[in-house]
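*Asks:* Below: one structure in structure tokens.
2 protein chains.
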Amino acid sequence: MLEVEVKRMNEFELSEHLLTCVTRIRRVLDERLKEHGLSVARKRMLGALTEGPVRQAALASAFEVAPRTVTELVDGLERDGFVERRGDPQDRRVRLVCITPAGRRANERAMIARAEVIPQMFADLSEEDRAALLRMLVAVDKRVASMSAAGLGAGDRSAVIPLDAPFIAGDVQR
Amino acid sequence: MLEVEVKRMNEFELSEHLLTCVTRIRRVLDERLKEHGLSVARKRMLGALTEGPVRQAALASAFEVAPRTVTELVDGLERDGFVERRGDPQDRRVRLVCITPAGRRANERAMIARAEVIPQMFADLSEEDRAALLRMLVAVDKRVASMSAAGLGAGDRSAVIPLDAPFIAGDVQR
DNA sequence: GCTAGTTGTTGTGGGCCCTCACAATGAGGG
DNA sequence: CCCTCATTGTGAGGGCCCACAACAACTAGC
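Chains as they are written, first to last, in the working numbering: chain A, 23 to 196; chain B, 23 to 196.
Here it is, written out as structure tokens:
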């Protein structure tokens, strides 16, 4: 094991760890949210709707998923009574997605469940570690974003919201 | 923006960044591997087979996916001629998965493609950063692993290989 | 031998995500 | 007015992942 080999392998090991670690995080989160009829993706959608009706295209670009994926998620949320679709009188192509009271309650339960789980995950990291981790993620993300062909659905219809934007609060243009 | 609020939000922001960043990484990787008829999951399977036949249950526990997922992946790889299934004379329940010459070539092409992409992703991180990132991932992962109900398919029949194990080389028991 | 439990794999059904193709609507130029 | 062009959302089809249930084969105990 030469020094050079170790250095070369480091990035691969890192990426592999990143993938598996995040897979596990996602699993735990989904597991907890499942009790409230949600999932990571569904809760994200719901969170973005708490401040008012949103069009599906805005959800798609905000969360960087294909429009088709939003259709699917909203279908499920509508079926479970968490959201409603309403036509927009101004633009009849648009169907505005609105959260229902039941959806609002589910979202709050999900936020509580998440708050019980996420701090635990990072409990062994110091304040400096977390800051460093965030900084590194931003650096990596910047590189990765420049590498992708960035198709995502039916052409790049929408400006991609940068990762720095606060996804949590659901700061989505309507 | 009080100090307390910043601290509380930090973990949530961190987890959100982690998920989106890794999603993007996976997208770029899949995009590059697609040219060679592979994907992240398929390449992982193929990599584990380069040193000899493996049973599907071993693949499932090595990569922490459900046995059903392995069936699906192997189905696809077999359809594309990258692997073959052979019965095990010793244990006729078992179907050993073997890599074909075509599969070996695809795996090598995939490794080259990956080597062209992954170092670029971490190019802005110093050697110390990478070491710190790895350390943090292990710490987080330890916590996360202890939080999961750990179902994963048909009961916990198999010992889970720890994350420290070298997934890259495909160090799987046969 | 024969039954009971365990292990390995696959069928079914579902969730999340993608791309491609297309209908419907709205906006602008002839 | 009509005809193109862009935008919004969806249907079809595929990949990866899961849980649950069924089935085949091995193993242990009687």
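Even for Gly, the Cβ is constructed at its ideal location relative to N, Cα and C.
Pull the bridge partners of V119(B) from the DSSP assignment, please.
*Replies:* The residue given as residue 119(B) occupies position 97 in the second sequence. Bridge partners of V119(B) according to DSSP: V76(B), R107(B).
*Asks:* Classify S168(A): buried if its beta carbon has 16 or more other beta carbons within 10 angstroms, exposed otherwise.
*Replies:* Reading the first sequence from its first residue, position 146 is the one you call residue 168(A). Exposed, because fewer than 16 other Cβ atoms sit within 10 Å of the Cβ of S168(A).
*Asks:* Does the pairing of the region 55-67 of chain B with the region 93-107 of chain B give three or more beta-carbon distances under 8 Å?
*Replies:* Counting Cβ pairs under 8 Å, three or more are found: they touch.
*Asks:* Within 8 Å of any Cβ in chain B, is that where the Cβ of M223(A) sits?
*Replies:* Since the first residue shown for chain A is 23 and the last is 196, residue 223(A) is missing from the structure and cannot be characterised.
*Asks:* How many angstroms separate the CA atom of T122(A) from the CA atom of L51(A)?
*Replies:* As a first step, residue 122(A) must be located in the first sequence, where it is residue number 100. As a first step, residue 51(A) must be located in the first sequence, where it is residue number 29. The straight-line gap from Cα to Cα measures roughly 23 Å.
*Asks:* Run through chain B and tell me which residues come within less than 9 Å of C43(A), C-beta to C-beta.
*Replies:* By one-based count along the first sequence, residue 43(A) stands at place 21. L40, V44, L159, V160, V162, D163, V166, L185, listed in chain order.
*Asks:* Can you look up V87(A) in the DSSP assignment and give me helix, strand or coil?
*Replies:* Within the first sequence, residue 87(A) is the residue found at index 65, counting from 1. Coil.
*Asks:* Using a beta-carbon distance below 8 Å, is M169(A) in contact with chain B?
*Replies:* On the first sequence, position 147 is the one that residue 169(A) refers to. In terms of beta-carbon proximity, M169(A) lines the interface with chain B, with at least one pair separated by less than 8 Å.
*Asks:* If I measure Cβ to Cβ from I47(B) and keep anything under 8 Å in the same chain, skipping five residues before and after, which residues do I get?
*Replies:* For this step, residue 47(B) is matched to residue 25 along the second sequence. Result list for I47(B): M143, in chain order.
*Asks:* Below 8 Å between beta carbons: does that hold for V62(A) and C43(B)?
*Replies:* Residue mapping note: residue 62(A) aligns to position 40 of the first sequence, counting from 1. Residue mapping note: residue 43(B) aligns to position 21 of the second sequence, counting from 1. No, these two residues do not count as a Cβ contact at 8 Å.
*Asks:* Let me make sure I understand the geometry here. Which of R152(A), K164(A), S170(A) has the alpha-carbon closest to that of E35(B)?
*Replies:* Walking along the second sequence from the start, residue 35(B) turns up at place 13. Closest by alpha carbon: R152(A).
*Asks:* Kindly indicate which three-state DSSP category E33(A) falls into: helix, strand or coil?
*Replies:* Walking along the first sequence from the start, residue 33(A) turns up at place 11. Correct three-state label for E33(A): helix.
*Asks:* On the three-state DSSP scale, how would you describe E149(A)?
*Replies:* Your numbering for residue 149(A) matches position 127 in the first sequence. Here E149(A) sits in helix by DSSP.
*Asks:* Hey, would you say the C-beta of E130(A) is under 7 Å away from at least one heavy atom of the ligand ATP?
*Replies:* The model depicted lacks the ligand ATP and carries no ligand whatsoever.
*Asks:* Below 8 Å between beta carbons is the criterion; list the residues of the region 66-78 of chain B that meet it against any residue of chain A, in chain order.
*Replies:* For the region 66-78 of chain B, the set of positions with a beta-carbon nearer than 8 Å to some beta-carbon of chain A is empty.
*Asks:* At 8 Å on the CB atoms, spell out the chain A contacts of L147(B), in chain order.
*Replies:* Here residue 147(B) refers to the residue found at position 125 of the second sequence. Those within 8 Å of L147(B) in chain A are M158, A161, V162.
*Asks:* What is the DSSP secondary structure of G175(B), reduced to helix, strand or coil?
*Replies:* Here residue 175(B) is taken as the residue at index 153 of the second sequence, counted from 1. The pLDDT assigned to G175(B) is 49, lower than 50, so where the model puts this residue is not dependable; a value taken from the coordinates is nonetheless given after this. Coil.
*Asks:* If you follow the alpha helix (DSSP H) that R64(A) is in, where does it begin and where does it stop?
*Replies:* The residue labelled residue 64(A) in the question sits at position 42 within the first sequence. Its alpha helix (DSSP H) spans residues 62-71.
*Asks:* Check whether the Cβ atoms of R131(A) and H58(A) sit closer than 8 Å, and answer yes or no.
*Replies:* The count along the first sequence starts at 1 and reaches residue 131(A) at position 109. The count along the first sequence starts at 1 and reaches residue 58(A) at position 36. The answer is yes: Cβ separation under 8 Å.
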